[in-house]
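Student:
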Amino acid sequence: MPMPEWLRIRRSKDSDNREAALWSKCPKCGEVLYRRDLLANAYVCMRCGHHFRMGAYDRISTIIDGDFTEVGAEVLGGDPLGWVDKKTYGAKLSGDREKSGLAEAVVCGFGQIGGFDVGLGVMDFHFRGGTMGTVVGERIALLLEEARRRRVPCIIFTASGGARMEEGMLALVQMAKTSAAVTRFTDDGNVLFTVLTDPTTGGVAASFAFQGDVIVAESKAVIGFAGRRVIEQTIRQRLPDQFQTAEFLLEKGAIDMVVERRALKETLVRLLEYTVGTRVQR
Amino acid sequence: MPMPEWLRIRRSKDSDNREAALWSKCPKCGEVLYRRDLLANAYVCMRCGHHFRMGAYDRISTIIDGDFTEVGAEVLGGDPLGWVDKKTYGAKLSGDREKSGLAEAVVCGFGQIGGFDVGLGVMDFHFRGGTMGTVVGERIALLLEEARRRRVPCIIFTASGGARMEEGMLALVQMAKTSAAVTRFTDDGNVLFTVLTDPTTGGVAASFAFQGDVIVAESKAVIGFAGRRVIEQTIRQRLPDQFQTAEFLLEKGAIDMVVERRALKETLVRLLEYTVGTRVQR
Amino acid sequence: MSNNLIVEREKGLLELERRIAELRSANATQPVDMSSEIAALEQKYRQILQEVFGSLTPWEKVHMARHPNRPTSLDYISRFDRFDELHGDRQYRDDPSIVGGLALLHGRPVMAIGQQRGRDTKENLRRNFGMPAPEGYRKVRRLAHLASRLGLPIVTLVDTKGADPGISSEEHAQSEAIAACLHEFTKARVPIVATVIGEGGSGGALALAIADHVIMLEHSTYSVASPEGCAAILWSDATKAEEAAARLKLTAQDLQRFGIIDEIVPEPLGGAHRDGSGIVTRVLTEVDAAIARLTARSPEELLEDRYRKYRRLGAWQTTQGEVVGQST
Amino acid sequence: MSNNLIVEREKGLLELERRIAELRSANATQPVDMSSEIAALEQKYRQILQEVFGSLTPWEKVHMARHPNRPTSLDYISRFDRFDELHGDRQYRDDPSIVGGLALLHGRPVMAIGQQRGRDTKENLRRNFGMPAPEGYRKVRRLAHLASRLGLPIVTLVDTKGADPGISSEEHAQSEAIAACLHEFTKARVPIVATVIGEGGSGGALALAIADHVIMLEHSTYSVASPEGCAAILWSDATKAEEAAARLKLTAQDLQRFGIIDEIVPEPLGGAHRDGSGIVTRVLTEVDAAIARLTARSPEELLEDRYRKYRRLGAWQTTQGEVVGQST
Ligand SMILES: [Zn+2]
Ligand SMILES: [Zn+2]
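Chains as they are written, first to last, in the working numbering: chain A, 1 to 282; chain B, 1001 to 1282; chain C, 2001 to 2328; chain D, 3001 to 3328.
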């Protein structure tokens, strides 16, 4: 697919080191794939169908019809705890900005999908493992508030290792902030679709990800509250490979549907067709 | 306890053959008990604590402070299907009326419990196994409607083998009628307590019994949807004794509390104290 | 031998059908004209069909409703303009005996929810013979609630022997699950249209059938208990099932008279499975028409009408013998 | 040896306590007056207590919060005027790591809900060390919803290492269960007062702690992750837990500064367990006072205030470096 204008501009502004890498190796089948082809195939391995983790802007470009206007982009991270571990938090943030071409772990904004106006939030695992700190919480809340004002549906793609430890409790309470924003948004008669991508865990899973009216999961995505290693340490045995995958959760009744990435946009458009224009009743 | 005036009047009007029986044998421990002592002990075996199934009026007299005014007593059974099996439905009804001293399988009305005005419905297993036909459905609905008008809490004691087959689908839809009445009653900010006594199964369990705000069960009562024999036939094995008892359901999270009969009134008064006078919000 | 009465009776017809087909194919390839023999056989075939299926007893209808080839919920749902299945109770399991999701019916977005039995043994095992567990009813409740929130009419398809009577269903509070469905359907602020397409068995069926408009197929049944179960309990004799079927008034015709259902969709001679496609078209048209009528009502009017409808069901008398309520 | 730092430190004090008691009893029975020796020992005791517990590091507070004798939720709940426990999620199981029910607090009806760890090994096993399963959170949600429907203020007591991380918890959608709690607490139309009485571990704690007024005991902790877990992940070295504890800003004092909690209840020197009865009295008084203040607000005002409170939590800057939001 051609790169939309907003994305070209965006890309030319931010350094995007991943663009520089011309080739990617599929971690599942080992095939070496030309990066441009991979992008054109929505980062799905042409050989084995493996879904690569996808950058937020790439994702947006595969979902949104054309233009995309960001909200909350001006909200940037602070360092409320003055955090230092092996590095300072500040250094980690700059490193990730450099590496991912993103200012934070979520990109939010408005655009059209299949001709429907929507609010769209997309998390990106490449930035601090998609962890939720104050900026992610703030941007998600701004997105929901603005979507509520515009009375348009909201779609949020999740990808997260959980709450961001470097921001301590200020990160954890973003679960409360985003939940409050979801409640206000949906109580006011609007519809929220969440799309759970690999991985969706911890504080993000346990807040807005599982508060969607319809919960879609991308094929093979790992979804859960506790991390696999934590569970394995607790029960002192290895978990089956299938555990915590989207397909597993579908069987366990936790999510509405599992969708292959290349069918995602079409699915979202269908979901919008069912729900947009109907007046919401309580 | 002394027999209240309303009950004495009631008793003198209706024939109550059970009163004639001076002695009862405990089906659990075999002890032969003087019936007057048994009544004074709320039909709990003085030797082993076994809870005898209790007649509706006896139950009312152990729960209500003093006066009790029936509602829906004028609603009496028809025979909508002209039912005949080994007997006619009409003959079964007269037989049960004779035997139980009841006009139908539920008695509803208003009185005070611990000084609180309440609506009270009490089912009686001695009348057609406490099955719900049109009269039971109608009386429960009338009770809830009148309690809604009076804005008083409602307490319903259940004891039922399910829907009454002799009234066919007209019996089954009483589940819908009573559910609709419960919805209207609770949506309007009123509180419903249900007390599940032995046995509470089938269509009564699957409608108002499990729609209470707080669900109390009497100790050892059998509670379930399907009957034990049906399940045993389906799975072709014997079920453990404990299965479907109140205590089992408490562990399985289905009910709020299990209460010994002699503590029931006190428990209900406590529940009323928490909830009466608080304004209800939605 | 099938334990289904109708399937047994169809065997003679199948033989006749086979002979007609043989003659036809012979006629096409051989010089002798056999068209009059064919016509005679076809005449006989129609006559037998009429004799065998022209008027069905309640017991025959019980078997017709259970016919293995009778269109199932998915046969209807797959004929909506579009269907996107939504899975799961969000808590414990996705119960395959309930199929539900967003659908377009004649261009109108609705929530479609049906009980699904298997169309063969393997599917029957997977779908528990169409008998929902509590997880299935919790899925129903969740979808009905979502529909109410989003303003989507609810279309249900009823086809079950009843709620699953197994151990884990009891352990997971089957009664609570059904009671919660009933509660949700009495408060959903959207039009609800239910259609009994096969067997409407007891509370497990009613859990999907509190509706503003209830349709039954001509030969479907809807009963407080299975005739077999009823006979076993009231006659202490399971062989009295046929008599029980007659007494229970479980046919569409009886139930319309009682005001329990609102509309009957006629079936082709011999039953719905003889023209699956036609019956599905007819049902979907009637469902759509009902929704169109109901959509004109405000949520408050819908709720009031629904309340009154169920409130008045059931005949009773005062002590004075004066009729204060009537079922019709 | 206990793996609890505070328990270890208390050993020396226990020895001293024993000697003082001995001297006292000797003094009462023997002719020699040892009251000055006793006074000296008591003086020394107070001095050591002050030295050891006078100011606690975050890491010490982590251990204080986990002290085996620290009052648990039931120690508070049993001191309400009255409590009637309500059990179960109405679906699957009653999770003993959550205790909840109707209660009278200073004569006022409330819904009390707490996380309950065991007070000995056996109880710890039964209560899963206070780590709730999804069924526990579904019970919380159910009770919060009931409280909101009945207009009863909600009082929660937070004391958990975190939500249970086992297989069946994942299979029963732990994420959904917690998310549903958060949703319920953001919409409950009644005052909510939460008190962190011990360890407030991660999302599993927050699920009970979206509140109009949040209290912490002086030496309780409330953290995005356990210091051990944080150290393992961010330092790749679990022995850095003490440093992590300091960096995480998990103390009541830090969190009050950030505006995440509203009030700190002081503990006696040496920790809450040195005067369990006193601390319970103090907490219940503060909870009651908070409810009294909040009850004056209408449901709409409560919801608006609660929204604003959580909406503004978190510091951030615009690209221009200008601070647009501040945590304090
Ligand atoms: Zn590959
Ligand atoms: Zn006995």
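Don't be surprised by glycine CBs; every beta carbon is placed ideally from N, CA and C. Predicted model only: the values in this text are computed from it and were never measured.
Is Ala1073/B near Ala1105/B, with beta carbons less than 9 Å apart?
Tutor: No, these two residues do not count as a Cβ contact at 9 Å.
Student: Could you work out which residue in Asn2004/C, Phe2053/C, Asp2120/C, Glu2085/C is closest to Leu2104/C when comparing CA atoms only?
Tutor: For Leu2104/C, the nearest C-alpha among the options comes from Glu2085/C.
Student: Sort Ile1215/B, Cys1045/B, Asn1041/B by Cα distance to Lys1028/B and report the nearest one.
Tutor: Of the listed residues, the one whose Cα sits closest to Lys1028/B is Cys1045/B.
Student: Unbroken alpha helix (DSSP H) runs of length 4 or more, entirely within the segment 97-128 of chain A: which are they?
Tutor: List check, alpha helix (DSSP H) in window: nothing returned.
Student: Determine, for Val2324/C, whether the minimum Cβ-Cβ distance to residues of chain D falls below 9 Å.
Tutor: Because Val2324/C carries a pLDDT of 42, less than 50, the predicted location of this residue cannot be relied on, and the following value inherits that uncertainty. Answer no: the Cβ-Cβ gap between Val2324/C and chain D never drops below 9 Å.
Student: Spell out whether any CB of chain A is found under 9 Å from the CB atom of Pro3058/D.
Tutor: Taking Cβ atoms only, chain A never reaches closer than 9 Å to Pro3058/D, which makes this a no.
Student: If you run the structure through DSSP and keep just helix, strand and coil, what is His2213/C?
Tutor: DSSP places His2213/C in strand when its eight states are reduced to three.
Student: Is the Cβ-Cβ distance between Gly2107/C and Thr2160/C less than 9 Å?
Tutor: Not closer than 9 Å, so no.
Student: Would you check whether ligand 1 has a heavy atom nearer than 8 Å to the C-beta of Glu218/A?
Tutor: No, the Cβ of Glu218/A stays beyond 8 Å of every heavy atom of ligand 1.
Student: Please determine, among Arg2019/C, Met2111/C, Phe2053/C, the residue with the shortest C-alpha to C-alpha distance to Lys2148/C.
Tutor: Residue 2148/C is actually Ser in this sequence, not Lys. When only C-alpha atoms are compared, the closest one is Met2111/C.
Student: For the beta strand (DSSP E) containing Gly2989/D, list its first residue and its last residue.
Tutor: Shown here, chain D extends from 3001 to 3328; a query on residue 2989/D therefore has no answer.
Student: Is Trp1023/B helix, strand or coil when you go by DSSP?
Tutor: Strand, per DSSP.
Student: For the beta strand (DSSP E) containing Pro1199/B, list its first residue and its last residue.
Tutor: Element bounds for Pro1199/B: 1192-1201.
Student: According to DSSP, Met2111/C sits in a beta bridge with which residue or residues?
Tutor: For Met2111/C, which the question treats as bridged, DSSP gives the partners Leu2102/C, Ile2154/C.
Student: Hey, is Arg3082/D's beta-carbon within less than 9 Å of any beta-carbon in chain B?
Tutor: So, interface residue.
Student: Relative to chain B, which residues along the segment 3074-3102 of chain D have a C-beta separation below 9 Å, given in chain order?
Tutor: Going along the segment 3074-3102 of chain D in chain order, one finds Arg3082, Asp3084, Glu3085, Leu3086, His3087, Gly3088, Asp3089, Arg3090, Gln3091, Tyr3092, Arg3093, Asp3094, Asp3095, Gly3101, Leu3102 with a Cβ nearer than 9 Å to chain B.
Student: Applying the criterion that 16 or more other CB atoms from any shown protein chain within 10 Å of the CB defines a buried residue, is Asp3095/D buried or exposed?
Tutor: Asp3095/D is buried by the Cβ-count criterion.
Student: Using a strict less-than 6 Å threshold between each residue's beta carbon and the heavy atoms of ligand 2, what residues do you get?
Tutor: Matched residues: Cys1026/B, Lys1028/B, Cys1029/B, Glu1031/B, Cys1045/B, Arg1047/B, Cys1048/B, His1050/B.
Student: Would Ala263/A count as contacting chain C if we go by Cβ distances under 9 Å?
Tutor: Not closer than 9 Å to any Cβ of chain C, the Cβ of Ala263/A fails to qualify, so no.
Student: Could you pull the DSSP bridge partners for Met1132/B from this structure?
Tutor: Met1132/B is bridged to Ala1163/B.
Student: Along chain D, which residues have their Cβ under 7 Å away from the Cβ of Lys184/A?
Tutor: The identity of residue 184/A in the sequence shown is Arg, whereas the question assumes Lys. Correct list: Tyr3307.
Student: Which runs of the beta strand (DSSP E), 3 residues or longer, sit entirely within the segment 3195-3267 of chain D?
Tutor: Taking only runs of at least 3 residues, the beta strand (DSSP E) segments lying wholly in the segment 3195-3267 of chain D are 3213-3217, 3221-3223, 3263-3265.
Student: Use the C-beta contact count for Trp23/A: other C-beta atoms within 10 angstroms, 16 or more gives buried, fewer gives exposed.
Tutor: Trp23/A should be labelled exposed.
Student: Would Glu2123/C pass as an interface residue toward chain B - the criterion being a Cβ-Cβ separation below 9 Å?
Tutor: Closer than 9 Å: no.
Student: Three-state secondary structure (DSSP) at Glu1218/B?
Tutor: DSSP places Glu1218/B in strand when its eight states are reduced to three.
Student: Would DSSP call Cys45/A helix, strand or coil?
Tutor: In this structure, Cys45/A counts as coil in the three-state DSSP scheme.
Student: Taking Cβ positions, are Gly3276/D and Asn3069/D nearer each other than 9 Å?
Tutor: Contact flag set, yes.
Student: Measuring only between beta-carbons, confirm whether Val173/A sits less than 9 Å from chain D.
Tutor: Closer than 9 Å: yes.
Student: Using the DSSP secondary-structure output, state which residues sit across from His1051/B in a beta bridge.
Tutor: According to DSSP, which records beta bridges pairwise, His1051/B is partnered with Val1044/B.
Student: Return helix, strand or coil for Leu76/A, following the three-state DSSP convention.
Tutor: Strand at Leu76/A.
Student: Between which two residues does the alpha helix (DSSP H) containing Thr2285/C stretch?
Tutor: First-last of the alpha helix (DSSP H) with Thr2285/C: 2276-2295.
Student: Quick one: what does DSSP say Val259/A is sitting in, helix, strand or coil?
Tutor: Reduced to three states, the DSSP call for Val259/A is strand.
Student: Which chain A residues are close to Gly3166/D, counting only those with a beta carbon under 9 Å from its beta carbon?
Tutor: Near Gly3166/D (Cβ distances below 9 Å), the residues of chain A are Ala226, Ile231, Thr234, Ile235.
Student: Would you kindly report the start and end of the unbroken beta strand (DSSP E) that includes Val3032/D?
Tutor: Per DSSP, Val3032/D belongs to no beta strand (DSSP E) and is neither H nor E.
Student: What did DSSP end up calling Glu1070/B once you bin it into helix, strand or coil?
Tutor: Glu1070/B: strand per DSSP, three-state reduction.
Student: Under three-state DSSP, which class holds Tyr1274/B?
Tutor: The answer is helix: DSSP assigns Tyr1274/B an H, G or I state.
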